[in-house]
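The following block contains the structure:
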């Protein structure tokens, strides 16, 4: 049995011990004969997988009334992984979701590091700086790099911190953000934990 | 006598009564014979104006030790306009600056509305929504449009509001942001007020 989280560019597999990635363009899903429980945000891959009997779409087993219709299945799985806390999933977008006593309480979508760097640069070349993840948030900035870092990172930090809850970091930029959220819990397998919980609820394992 | 705030695309004039704009590409500054006190963020225009005797660069009269080296002259002028408060200058970028007892206390740079819309859209077409400026910030969002609006507008609102100071809105998107900052003071001539204050300090008027 395998778990798989499929994004726009990669298949991210987890076999219970280790995780590995395959390129969406190169990988042939029919090459796997084992049962694969998956979530997928990539429409064309999803269509292809629906024809393969051993690939089971876990999104069909989610109690959707607990979330909202256009909410990404990756966000939902991260929420399913925890009982209480804030999930900060830092990828191309950063999603921030609150879970209290196992219930999704709402969340928001922020731009990811790469997208935001591009955004500042596109406004003006004078705003092209790398973000300072070790910024002192107790002082209002008096230099350009910190002024930009505060605008992007400081506001996110303050918002997330204001909930007074445990912070779970996942996604490709999780390690970078752990410099900002110093008492957070980095868990790159968070989505897979959520997937396992859904499987248990649905008696799939 | 005229005041002029020159950006990357326009000359913004103020004659003491009304303000009007001219296109940077089309306008010939030597066509004006009156004295013009200006600030300019456009390098090539600045070089051209330095050859015209009746155009006076006000940035040369600013006490720069009160600010920082790479700070935009437009931000500085907005700060010079007020004694106490937060200036939110909402243009292609949004600059937020704190002034206490006439002193600049620091500030940050956020993305402007257009840049941020583009940014979300570039991350994924699924994130292409217009921002909801009438968002209820007391609830965590449970739909995509509000999740994005909260990420962009909610975090800015909460930060600015946390200072507990009077909010001055300027820039092209000031009116739109006045829906968010309901008790703010919209002043499209704020920069010109700052320029006048600099002129008084430097005995130029």
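Residue numbers (our numbering), protein chains in the order written: chain D, 1206 to 1410; chain Y, 1206 to 1410. Built from N, CA and C at the ideal position, the CB exists for glycine as well.
Taking just the CA atoms, how far does residue j sit from residue i?
{"i": "residue 1373 of chain Y", "j": "residue 1397 of chain Y", "result": "14 angstroms"}
{"i": "residue 1403 of chain D", "j": "residue 1221 of chain D", "result": "15 angstroms"}
{"i": "residue 1291 of chain D", "j": "residue 1244 of chain Y", "result": "45 angstroms"}
{"i": "residue 1304 of chain D", "j": "residue 1330 of chain D", "result": "39 angstroms"}
{"i": "residue 1207 of chain D", "j": "residue 1259 of chain D", "result": "10 angstroms"}
{"i": "residue 1380 of chain D", "j": "residue 1209 of chain D", "result": "22 angstroms"}
{"i": "residue 1279 of chain D", "j": "residue 1355 of chain Y", "result": "20 angstroms"}
{"i": "residue 1236 of chain Y", "j": "residue 1377 of chain Y", "result": "26 angstroms"}
{"i": "residue 1368 of chain D", "j": "residue 1315 of chain Y", "result": "22 angstroms"}
{"i": "residue 1215 of chain Y", "j": "residue 1261 of chain Y", "result": "18 angstroms"}
{"i": "residue 1255 of chain D", "j": "residue 1274 of chain D", "result": "20 angstroms"}
{"i": "residue 1239 of chain Y", "j": "residue 1350 of chain Y", "result": "50 angstroms"}
{"i": "residue 1333 of chain Y", "j": "residue 1325 of chain Y", "result": "6 angstroms"}
{"i": "residue 1247 of chain D", "j": "residue 1213 of chain D", "result": "5 angstroms"}
{"i": "residue 1211 of chain Y", "j": "residue 1348 of chain D", "result": "23 angstroms"}
{"i": "residue 1201 of chain Y", "j": "residue 1335 of chain Y", "result": "Here chain Y comprises residues numbered 1206 to 1410, so residue 1201 of chain Y is not present and cannot be evaluated."}
{"i": "residue 1360 of chain D", "j": "residue 1257 of chain D", "result": "45 angstroms"}
{"i": "residue 1392 of chain D", "j": "residue 1323 of chain D", "result": "27 angstroms"}
{"i": "residue 1365 of chain D", "j": "residue 1297 of chain D", "result": "18 angstroms"}
{"i": "residue 1302 of chain D", "j": "residue 1284 of chain D", "result": "7 angstroms"}
{"i": "residue 1267 of chain D", "j": "residue 1375 of chain Y", "result": "47 angstroms"}
{"i": "residue 1382 of chain D", "j": "residue 1317 of chain D", "result": "11 angstroms"}
{"i": "residue 1230 of chain Y", "j": "residue 1241 of chain Y", "result": "19 angstroms"}
{"i": "residue 1288 of chain D", "j": "residue 1270 of chain Y", "result": "51 angstroms"}
{"i": "residue 1408 of chain Y", "j": "residue 1342 of chain D", "result": "39 angstroms"}
{"i": "residue 1217 of chain D", "j": "residue 1223 of chain D", "result": "11 angstroms"}
{"i": "residue 1370 of chain D", "j": "residue 1234 of chain Y", "result": "58 angstroms"}
{"i": "residue 1405 of chain Y", "j": "residue 1250 of chain Y", "result": "25 angstroms"}
Just mark residue i as buried or exposed, buried being the case when its beta carbon has 16 or more other beta carbons within 10 Å.
{"i": "residue 1410 of chain Y", "result": "exposed"}
{"i": "residue 1387 of chain D", "result": "exposed"}
{"i": "residue 1306 of chain D", "result": "exposed"}
{"i": "residue 1337 of chain Y", "result": "buried"}
{"i": "residue 1294 of chain Y", "result": "buried"}
{"i": "residue 1339 of chain D", "result": "exposed"}
{"i": "residue 1252 of chain Y", "result": "exposed"}
{"i": "residue 1228 of chain Y", "result": "exposed"}
{"i": "residue 1389 of chain Y", "result": "buried"}
Sort out for me which residues DSSP pairs residue i with in a bridge.
{"i": "residue 1407 of chain Y", "result": "Bridge partners of residue 1407 of chain Y: none, in fact."}
{"i": "residue 1305 of chain D", "result": "D/1308"}
{"i": "residue 1291 of chain Y", "result": "Y/1303 and Y/1372"}
{"i": "residue 1396 of chain D", "result": "Residue 1396 of chain D pairs with nothing; no bridge assigned."}
{"i": "residue 1227 of chain D", "result": "D/1216"}
{"i": "residue 1210 of chain Y", "result": "Y/1217 and Y/1244"}
{"i": "residue 1390 of chain D", "result": "D/1373"}
{"i": "residue 1316 of chain Y", "result": "Y/1298"}
{"i": "residue 1261 of chain Y", "result": "Y/1242"}
State the CB to CB distance for the pair residue i and residue j, rounded to an integer number of angstroms; the pair is presumed to be in contact (CB under 8 angstroms).
{"i": "residue 1232 of chain Y", "j": "residue 1272 of chain Y", "result": "Incorrect: roughly 28 angstroms between the Cβ atoms, too far for contact."}
{"i": "residue 1345 of chain D", "j": "residue 1277 of chain Y", "result": "At roughly 16 angstroms, the Cβ-Cβ gap does not stay under 8 angstroms, so residue 1345 of chain D and residue 1277 of chain Y are not in contact."}
{"i": "residue 1219 of chain Y", "j": "residue 1394 of chain Y", "result": "6 angstroms"}
{"i": "residue 1299 of chain D", "j": "residue 1320 of chain Y", "result": "Residue 1299 of chain D to residue 1320 of chain Y, Cβ: 17 angstroms. No contact."}
{"i": "residue 1286 of chain Y", "j": "residue 1313 of chain D", "result": "Actually they do not touch by this definition, with Cβ atoms about 33 angstroms apart."}
{"i": "residue 1265 of chain D", "j": "residue 1400 of chain D", "result": "Not confirmed; about 13 angstroms, so no contact."}
{"i": "residue 1357 of chain Y", "j": "residue 1385 of chain Y", "result": "Between residue 1385 of chain Y and residue 1357 of chain Y the Cβ distance is about 10 angstroms, and since that is not below 8 angstroms, they are no contact."}
CB of residue i to nearest heavy atom of the ligand MG: below 7 angstroms?
{"i": "residue 1371 of chain Y", "result": "Among the ligands in the structure shown, none appear at all, so the ligand MG cannot be discussed."}
What residues from the segment 1261-1274 of chain D come within 7 angstroms of chain Y, judged by C-beta to C-beta, listed N to C? Result list: 1273.
Residues in the segment 1313-1327 of chain D with C-beta within 8 angstroms of chain Y's C-beta atoms, listed in sequence order? Taking 8 angstroms as the cut-off between beta carbons, the residues of the segment 1313-1327 of chain D near chain Y are 1313, 1314, 1315, 1316, 1317, 1320, 1321, 1323, 1324, 1325 and 1327, in sequence order.
Near-chain Y residues of the segment 1346-1357 of chain D - C-beta to any C-beta below 7 angstroms: So the list reads 1346, 1347, 1348, 1349, 1352, 1353, 1355 and 1356, given in the order they occur along the chain.
If you measure beta-carbon to beta-carbon, which residues of the segment 1367-1387 of chain D are closer than 8 angstroms to chain Y? Across the segment 1367-1387 of chain D, CB contacts with chain Y closer than 8 angstroms involve 1367, in sequence order along the chain.
Output needed in chain order: residues of the segment 1275-1290 of chain Y with a Cβ under 7 angstroms from some Cβ in chain D. Per Cβ criterion, the list reads 1275.
Give the residues from the segment 1330-1342 of chain Y that approach chain D closer than 7 angstroms (Cβ to any Cβ), ordered along the chain. Within the segment 1330-1342 of chain Y, the residues whose Cβ lies closer than 7 angstroms to some Cβ of chain D are 1332, listed in chain order.
To be precise: take each residue of the segment 1295-1313 of chain D, compare its Cβ to all Cβ atoms of chain Y, and keep it if any distance is under 7 angstroms. Which residues remain? Residues 1297, 1298, 1303, 1310, 1311, 1312 and 1313.
Under 7 angstroms (Cβ pairs) to chain D, residues found in the segment 1216-1247 of chain Y: From the segment 1216-1247 of chain Y, no residue has a Cβ closer than 7 angstroms to chain D.
For the segment 1387-1402 of chain D, enumerate the residues whose C-beta is nearer than 7 angstroms to any C-beta of chain Y, in chain order. Cβ contacts with chain Y come from no residue of the segment 1387-1402 of chain D.
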